[in-house]
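Peer 1:
Protein chains: 2
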Amino acid sequence: MEQITIKEVAKLCGVGVSTVSRAINNHPDINPETKQKILDTIREYNYVPNNSARNLKRTDSNTIAVVIKEISNSYWGVMLHVLEREVRDRKYCLVLQNVADDEDEVELALQLEKEKKVKGIIFLGGMYNYDESRLRMLIVPYVISGSGKTVPEDTGTYPKSALVTTDTEIESQSMVDYLCSCGHKRIAFITSGDEGLGRCHLNGYKRSLEKNGLEYDEKLIIRLKPGKRIYTIENGYNCTCELLKSGVDFSCIYAISDTLAVGACRAVIDSGKRVPEDYCVAGADGQDIAEYYHPSITTLKYPRVEIALQSVRTLFDLINRKKVVKRQILGGTLIERESTRKL
Amino acid sequence: MEQITIKEVAKLCGVGVSTVSRAINNHPDINPETKQKILDTIREYNYVPNNSARNLKRTDSNTIAVVIKEISNSYWGVMLHVLEREVRDRKYCLVLQNVADDEDEVELALQLEKEKKVKGIIFLGGMYNYDESRLRMLIVPYVISGSGKTVPEDTGTYPKSALVTTDTEIESQSMVDYLCSCGHKRIAFITSGDEGLGRCHLNGYKRSLEKNGLEYDEKLIIRLKPGKRIYTIENGYNCTCELLKSGVDFSCIYAISDTLAVGACRAVIDSGKRVPEDYCVAGADGQDIAEYYHPSITTLKYPRVEIALQSVRTLFDLINRKKVVKRQILGGTLIERESTRKL
DNA sequence: TTGTAAGCGTTATCAT
DNA sequence: ATGATAACGCTTACAA
């Protein structure tokens, strides 16, 4: 079974290749009968146009790329779903590009641009320590979504990029503020040890302590080793177990993701203590599980669907050379649930 | 900032295009100095080869495609992670193709084959009601992984496809057997309303009831509407709430995914009842949350990592024309946890 | 309405 | 070791 080409279809139908091309691409100037015959033949012989050849020739490809830092993270679930739907509604294709922990998202994006002639790119996750000079080499418009702190300024006539995200530092600060307001003086903090997201969260944590006149104690900070799959329940569980065993004094645990918080809750429960009576637990990011866990978990609900929606809209605005808001910072919502209480 | 081509690089360096090509592709027959100079120029001008042109010319592309039914499902998380790593270790690239609920995975695979010249395909999810004649049109080897019931027989000299999965029907049957052995006579069943996976689970459920001499009652069956995002906690929660309100008599709920089971647990808890004292709950698929939920949830642990690993291995065996086991059915493990008890 | 032919940016086969 | 040049499969002027 060999790959059949447009030439052979043309021969089969006794027409020229351009006629076949016209049939495929719904050009108007073609005899309906000829077109039908060609389409039938295509179906019969299972001809599929070679997209490499198409892309080589075409200037546009109607493809949007989503570049995701660690796609296996359950956090992206809904967002992916929304992006997929929105892009399809606009009759575009979506290609997903995973970025492993040790890969550079900008380099991958640069590749994609050439390779797939994508019309636009959405970055999901990462984008904290990117090389701006490399990023500027991107010709197509892009949106940094649900992560990152900033985008490069525009230099050309049209805006080329935008940021749609939450402000991690401020959000985390507000959570710690809340926990302080509950009367906690010693808040254990489970964060990522990297210099990107983890650093932002930590800054928020520190700022809040300072504001609330509390002392910062390095012993309360648990830094998850950067490496693959940080945001797992298991990780939250294990480090909380160690924390509990260590004998360090604290009354509350704040984890920067809900999955980590779930692990923390279970670790507390398994140690024979109760949440929130013995230890309070708070998470962040607002995944479903925080709402349905028992006890339900106090969290910062990030507007993930909104971010996804707005990212797509903004990207298409960029593509269509409309004016856009360069930096959209969407606020999260602190949701008090059963896992925390006033002391 | 225009896209620079190989021709311009050649001109810039005062060499022919083939020399540049040799430099890029690490061909041996090139003067190291020339090569260095070319590489420097490439770096300076940020030249990225056009992959469409490359793929057009090349016969191989070193790309593996993973075609996933509903990528937003958290179930795929680890598997995606493993696949990504394994494929990278073998110096191949991975492209992810989402299949929406209303799309046909085989058609998309056919497209991918042409478009990206992929060397092999792994199907994740779906593949229950595929059109075998279309599937046979795939030229590259493929593995149906973690889903599906069967693969087409081989016709050529070399095997072209394989199946690596669990037997849903048998697994579900064993879970219901277990629940019966606990003394449950009326087991509510939350399943997917589709004719694929949902049907397999239901068959297992029915078979078990029959075997255990219990009556099948349609009122106990909750069929989730096919449509997007079936396996959400929220879905499990909502339908359990309705079930509880309906007044139908039952002592146990079995849901075909752990996320659904989590929702069921919370619904029971919110109704003022306890798990497992008032209602037992069992899930299936073995996601982390089942282990860490409170109460932890009895489930069927599918060997997801094993399936992913074995799928990659098998795919590369197919690619390298080695003999493979056509149908690898890996068994799940029933894990008794806190959410069920003997009556 | 249709066919012919010139690219698109590569790689590979020849010569040199 | 290097440079022309012919594909690769398609789209699109341009001609007919």
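Chains A and B, in that order, are what the protein sequence lines are.
All residue numbers for the first sequence refer to the UniProt record's numbering, where the first residue is 1 and numbers rise by one.
All residue numbers for the second sequence refer to the UniProt record's numbering, where the first residue is 1 and numbers rise by one.
C-beta: ideal position from N, C-alpha, C; glycine also.
Model, not experiment: these values are computed from the prediction.
1) Which residues in chain A sit within 8 angstroms of B:L94, going by Cβ to Cβ distance?
2) Could you check whether the Cβ of B:M1 sits closer than 9 angstroms to any Cβ belonging to chain A?
3) Taking A:I187 as the reference, which of A:V140, A:I256 and A:P28 has the closest Cα?
4) By the three-class DSSP mapping on this structure, what secondary structure does B:F250 have?
5) State the Cα-Cα distance for the pair B:R321 and B:Y158, rounded to the nearest angstrom.
6) Does the beta-carbon distance from B:Y292 to A:R266 come in below 9 angstroms?
7) Spell out whether any CB of chain A is found under 9 angstroms from the CB atom of B:L315.
8) Hey, does B:Y293 have any beta-carbon neighbour from chain A nearer than 9 angstroms?
9) Tell me which residue opens and which closes the beta strand (DSSP E) that A:G120 is part of.
10) Nearest by alpha-carbon distance to A:S133: which of A:K117, A:C241, A:I297 and A:E153 is it?
11) Given that a residue counts as buried once 16 or more other Cβ atoms are within 10 Å of its Cβ, and exposed if not, what is A:M1?
12) Quick check: the Cα distance between A:Y205 and A:S181, rounded to an integer number of angstroms?
13) Identify every run of the alpha helix (DSSP H) within the region 118 to 174 of chain B, keeping only runs that are complete inside it and at least 4 residues long; order them along the chain.
14) Mark B:G272 as exposed unless 16 or more other C-beta atoms lie within 10 angstroms of its C-beta, in which case mark it buried.
15) According to DSSP, what are the bridge partners of A:I24?
16) Look at the alpha carbon of A:V275 and the alpha carbon of A:G120, and state the distance between them as a whole number of angstroms.
17) When you check each C-beta in the region 224 to 250 of chain A against every C-beta of chain B, which residues fall closer than 9 angstroms?
18) What is the DSSP secondary structure of A:M1, counted as helix, strand or coil?
19) Hey, out of A:H27, A:D217 and A:R136, whose CA is closest to A:F189's CA?
20) Give me the Cα-Cα distance between B:I30 and B:V9, rounded to the nearest whole angstrom.
21) Let me know if A:G16 comes out buried or exposed under the rule of 16 or more other beta-carbons within 10 Å of its beta-carbon.
22) I'd like the ranges of any beta strand (DSSP E) spanning at least 3 consecutive residues and lying wholly in the region 32 to 117 of chain B.
23) By a C-beta neighbour count over all protein chains shown, 10 Å radius and 16 as the cutoff for buried, is A:G286 buried or exposed?
24) Is there a C-beta anywhere in chain B that falls below 9 angstroms from the one on A:I269?
25) Could you tell me whether the Cβ of A:V143 comes closer than 9 angstroms to any Cβ of chain B?
26) Helix, strand or coil, according to DSSP, for A:S181 in the structure here?
27) Under DSSP, the beta strand (DSSP E) around A:L300 begins and ends at which residues?
28) I'd like the ranges of any alpha helix (DSSP H) spanning at least 4 consecutive residues and lying wholly in the region 266 to 333 of chain B.
29) If you follow the alpha helix (DSSP H) that B:S208 is part of, which residue opens it and which one closes it?
30) Check each residue of the region 59 to 84 of chain A: if its Cβ is closer than 7 angstroms to any Cβ of chain B, include it; give the result in chain order.
31) Which one or two residues does DSSP pair with A:S192 in a beta bridge?
32) Determine, using beta-carbon pairs with one atom in the region 170 to 180 of chain B and one in the region 326 to 339 of chain B, whether at least three such pairs fall under 8 angstroms.
33) Which residue or residues does DSSP assign as beta-bridge partners of B:A255?
34) Starting from A:I335, follow its DSSP beta bridges and name the residues at the other end.
35) Which chain A residues are close to B:D154, counting only those with a beta carbon under 9 angstroms from its beta carbon?
36) Would B:L260 and B:G227 be called neighbours here (beta carbons separated by less than 9 angstroms)?
Peer 2: This is what the structure holds:
1) Within chain A, the residues near B:L94 are N98.
2) Interpretation of B:M1 is limited by its pLDDT of 46, a score under 50 that renders its predicted location unreliable; the figure taken from the coordinates is listed afterwards. Chain A has a Cβ within less than 9 angstroms of the Cβ of B:M1.
3) The residue with the shortest Cα to Cα distance from A:I187 is A:I256.
4) Note: B:F250 maps to coil in three-state DSSP.
5) Cα atoms of B:R321 and B:Y158: separation of roughly 6 angstroms, rounded to the nearest angstrom.
6) Result yes, Cβ atoms of B:Y292 and A:R266 sit closer than 9 angstroms.
7) No, no contact with chain A.
8) Answer yes: the Cβ-Cβ gap between B:Y293 and chain A drops below 9 angstroms somewhere.
9) Taken as a continuous stretch (DSSP letters only), the beta strand (DSSP E) holding A:G120 covers G120 to L124.
10) Per the Cα distances, A:E153.
11) Reliability of the predicted coordinates at A:M1 is poor, the pLDDT of 45 falling under 50, and the value obtained from them is presented with this limitation in mind. Its Cβ having fewer than 16 others within 10 Å, A:M1 is exposed.
12) Going by the C-alpha atoms only, they are around 14 angstroms apart.
13) Correct list: 132 to 135.
14) Classification of B:G272: exposed, given that the 10 Å Cβ count is below 16.
15) According to DSSP, which records beta bridges pairwise, A:I24 is partnered with nothing at all.
16) A:V275 and A:G120: Cα-Cα distance of roughly 46 angstroms.
17) Under the 9 angstroms Cβ criterion, the region 224 to 250 of chain A contributes K228, R229, T232, I233, E234, G236 and Y237.
18) Model confidence at A:M1 stands at a pLDDT of 45, short of 50, so the residue's coordinates are unreliable; what they give is reported in the following sentence. Look at A:M1 here: in three-state DSSP terms it is coil, with no helix or strand label.
19) A check of alpha carbon separations from A:F189 across A:H27, A:D217 and A:R136 identifies A:D217 as the nearest.
20) Cα to Cα, the separation comes out at about 16 angstroms.
21) In this structure A:G16 is exposed. Its beta-carbon is surrounded by fewer than 16 other beta-carbon atoms within 10 angstroms.
22) Those beta strand (DSSP E) runs which fall completely within the region 32 to 117 of chain B and span 3+ residues are 63 to 69 and 93 to 99.
23) In this structure A:G286 is buried. Its beta-carbon is surrounded by 16 or more other beta-carbon atoms within 10 angstroms.
24) Interface criterion met: the Cβ of A:I269 is under 9 angstroms from a Cβ in chain B.
25) Chain B, which has no Cβ nearer than 9 angstroms to the Cβ of A:V143, makes this no.
26) Three-state result, A:S181: helix.
27) T299 to K301 is the span of the beta strand (DSSP E), which, as asked, contains A:L300.
28) As for any alpha helix (DSSP H) of minimum length 4 sitting wholly inside the region 266 to 333 of chain B, the runs are 288 to 292 and 304 to 319, ordered along the chain.
29) First-last of the alpha helix (DSSP H) with B:S208: L197 to K211.
30) Correct list: I71, S72, S74, G77, V78, L80, H81 and E84.
31) DSSP, once it has assigned bridges, lists A:L224 as partnering A:S192.
32) Touching, yes.
33) The secondary-structure analysis by DSSP pairs B:A255 across a beta bridge with B:I190.
34) DSSP lists A:T299 as partners of A:I335.
35) Chain A residues near B:D154: none, gap ~13 angstroms exceeds 9 angstroms.
36) In this structure, B:L260 lies away from B:G227, with their beta-carbon atoms at least 9 angstroms apart.
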